[in-house]
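*Asks:* Numbering (the working numbering), first residue to last: 2 to 107.
Please see the structure below; I have some questions.
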Ligand code: FES
């Protein structure tokens, strides 16, 4: 079994249409997970860092949501444009990106 330095869990949960909290599926969660997997693989980082699909992370109103472990850094409102910075700052380093932090859980 591979040993990863970090796991990045990206919510792909889909709630019923009209759910007041919204859901990460509708906010691009699946596309984020797929793009992060591709980016990690392209850089040869996928043996060290693992991007995982996640069910609801209970941060639906902050979607698209992800959490990076072992640090337990929670990001919300993540878009495809944020992924390179997340890789550079929060995956390769242990830096946090303030604008993406979910404050209640950080
Ligand atoms: S639907 Fe993504 S955190 Fe709940």
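Just so it is clear, CB atoms sit at the ideal spot from N, CA and C, and this is done for glycine as well.
According to DSSP, simplified to helix, strand and coil, what is residue 120?
*Replies:* Lying outside 2 to 107, the shown extent of the chain, residue 120 is not represented and no answer is given.
*Asks:* Does the Cβ-Cβ distance between residue 8 and residue 44 come in under 7 Å?
*Replies:* no
*Asks:* Give the straight-line distance between the Cα atoms of residue 46 and residue 39, rounded to the nearest whole angstrom.
*Replies:* Going from the Cα of residue 46 to the Cα of residue 39 covers about 10 Å.
*Asks:* Please state whether the Cβ-Cβ distance between residue 10 and residue 53 is less than 7 Å.
*Replies:* yes
*Asks:* Where does residue 52 sit, in a helix, a strand or coil, going by DSSP?
*Replies:* strand
*Asks:* Taking just the CA atoms, how far does residue 35 sit from residue 21?
*Replies:* 26 Å
*Asks:* Given residue 112, which residues of its chain have a CB within under 7 Å of its CB, disregarding the five upstream and five downstream residues?
*Replies:* Because the chain here runs from 2 to 107, residue 112 falls outside it and cannot be looked at.
*Asks:* Report yes if the C-beta of residue 77 is less than 6 Å from at least one heavy atom of the ligand FES; otherwise report no.
*Replies:* no
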